[in-house]
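Everything on this sheet refers to the single structure shown next.
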Amino acid sequence: MKITEHIKNAKGKTLFSFELLPPAKGQGIQSIFQTMDELMEFKPPFIDVTYHREDYLYKEHGNGLLERVSYRKRPGTVAICAAIINKYKVDAVPHLICGGFTKEETENALIDLNFLGIDNVLALRGDAQRGEPNFIPTPGGHAYATDLLQQVVDMNNGKYLHEDVESSEKTDFCVGVAGYPEKHFESPNFNTDFKWLKKKVEMGAEFIVTQMFFNVDKYKEFVVKCRDNGIHVPIIPGLKPLTSKKQLITLPRVFHLDIPEELSDAVDSCKNNADVRAVGQEWLVQQCKELIDFGAPVLHFYTMSNPGPTKKIVEQLA
Ligand code: FAD
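Under the numbering used here, the first residue of the sequence shown carries the number 3, and numbering increases by one thereafter.
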C-alpha cells in the first residue's frame, strides 16, 4: 500500500515507522529478521531500507602502480525489501540513490521493485563517495534527486528510457523525497534549498521524510513554511535517539544539524553511557509527544538496525 494511503487510513492518528540498514556483508537475512521481530509489536505500516553505494580502495601492485578497486560493504536493498514484505506483510520502502547508478541500472532496479510489488520508493541523491570531497554524478547517471524523481515519474507514465522496448506498462510508485528542516549542507541558504524541495513536490513527490533534528521547533517552522508555500504532502519527521557522548560531535558533523544547548549540556554532564542513553531517551520522548500534539503523520525512527534504544522510546508512546 502507498504511504499516502497508510496515512489517510490512520485518520489523524500518528503512526510509527523505522529505518533499517542492510547488515555488513557476510551476515544473513536473520539479522534483519531479528530487528524486525523486535519492532513488529509497534505495527509499523512501513519499514525503510537504506542504500549504501560501493566504496573503493587502492590496491598496490609490485610495479608501483595503484589500482582503484570498488567493493561493497553491504548486501542490496531490493532483496532485503523483498524478504521483509514476504515475511512480515508490511510495506518496505527502498531508498534509491543517484550515486553509483547509471539511468539504465536505475530503471532495472525499478523494474525489479515493481515486479516484487513494492509500492513506495524514497528518491535521493546520495552523499559523496568516501574519500571524495563532493558528490560526483556517475557517468550516465543522475546528478540530483530531481532527475531520479523524474525517471520514476516517467515510468509511472509508461515512459521508459528506450522507446523500442516491448512493454511500456505503467508503474505506480508513490515517491518520497528528503527534506531538511535545518537546510541541506551544500545549499547556499535555506530558501534556495527550499526551492528545490518545492520543485520535487511539484514534479510528483508525494511525501517528504526529514533529516533528523533535536529541536521540534525546527520541524514545526519547516512544516509551516511548506504549507505557506503550497507544499501539502505529508512531512514525516526523522528521529534518532542520542546514545553516546561522541554523537555530540559526530551527528552535527555528519548530518549538519544543531544539538540544542540544553541537551548537549545534559549529555556532557553524564558520567557514563547509560546516563547518556537515559538523557537521550527522555529528550526524544518529549520530542515525540510534541510532534504527536502537532499532528505529525508518522514518527520515523532511524534505528541504525539497533532497535533497543528506539523500542524504549516507542514503548512510552504507543
Ligand atoms: P538533492 O535533493 O539532489 O539535493 C542536494 C543539494 O542540491 C541540495 O543542496 C539542494 O538544495 C540542491 N539541489 C537539489 N536539486 C537541485 C537541482 N535540480 N539543481 C541544482 N541544485 C539542486 N544517503 C544514502 O546514500 N543512502 C540512503 O539510504 C540515504 N537515506 C536518506 C534518508 C533521508 C530521510 C535523508 C534526509 C537523507 C538520506 N541520505 C541517504 C542522505 C542524502 O543522500 C544526502 O543528504 C544527500 O547529500 C542529499 O540527498 P537529496 O536527495 O536531498 O539531494
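Cβ coordinates follow ideal geometry from the N, Cα and C atoms, glycine included.
Where do the ends of the beta strand (DSSP E) carrying residue i lie?
i, result
"P96", "93-99"
"L244", "Premise fails: L244 is in no beta strand (DSSP E) and is neither H nor E."
"V300", "300-304"
"D57", "57-62"
"T16", "T16 -> no beta strand (DSSP E), and no H or E assigned at all."
"I210", "209-212"
"V235", "Unbroken run through V235: none, as it is neither H nor E."
"I49", "48-51"
Under 8 Å between the Cβ atoms of residue i and residue j?
i, j, result
"Y304", "E21", "yes"
"C100", "A145", "yes"
"L319", "P239", "no"
"Y58", "T79", "no"
"D93", "M3", "yes"
"P25", "R70", "no"
"E171", "G181", "no"
"E40", "P309", "yes"
"V269", "L244", "yes"
"D89", "F18", "With the sequence shown as reference, residue 89 is identified as Lys, and Asp is not the correct amino acid for it. No, Cβ-Cβ distance for K89 and F18 is not below 8 Å."
"M205", "Q249", "no"
"K91", "T148", "no"
Could you give the first and the last residue of the continuous alpha helix (DSSP H) run that contains residue i?
i, result
"I82", "79-90"
"K220", "218-230"
"E40", "32-41"
"R70", "Element bounds for R70: not the alpha helix (DSSP H) but the beta strand (DSSP E), 68-73."
"E106", "105-118"
"L253", "249-257"
"D277", "275-296"
"K313", "309-317"
"N11", "5-11"
"D267", "263-270"
Let me check understanding here. Comparing Cα to Cα, which of the options lies closest to residue i?
i, options, result
"R55", "I237, L17, I34, F137", "F137"
"C176", "C228, E62, V154", "V154"
"K10", "N274, P299, P25", "P299"
"Q213", "K247, H258, F192, P96", "H258"
"T108", "G119, R127, K91", "R127"
"L163", "K200, G133, V123, N110", "N110"
"H8", "I233, Q289, I49", "I49"
"D267", "T173, R255, I251", "I251"
"V226", "N191, F215, E263, P183", "P183"
Are any of the Cβ atoms in chain D nearer than 8 Å to that of residue i?
i, result
"G240", "In the structure shown, chain D cannot be found, because there is only a single protein chain."
With respect to 7 Å, is the separation between the Cβ of residue i and the closest non-hydrogen atom of ligand 2 below this value?
i, result
"Q213", "Summarising the ligand content, the structure contains ligand 1 and does not contain ligand 2."
Return the chain-ordered ranges of every alpha helix (DSSP H) run that is complete within the segment 123-179 and spans a minimum of 4 residues.
147-158
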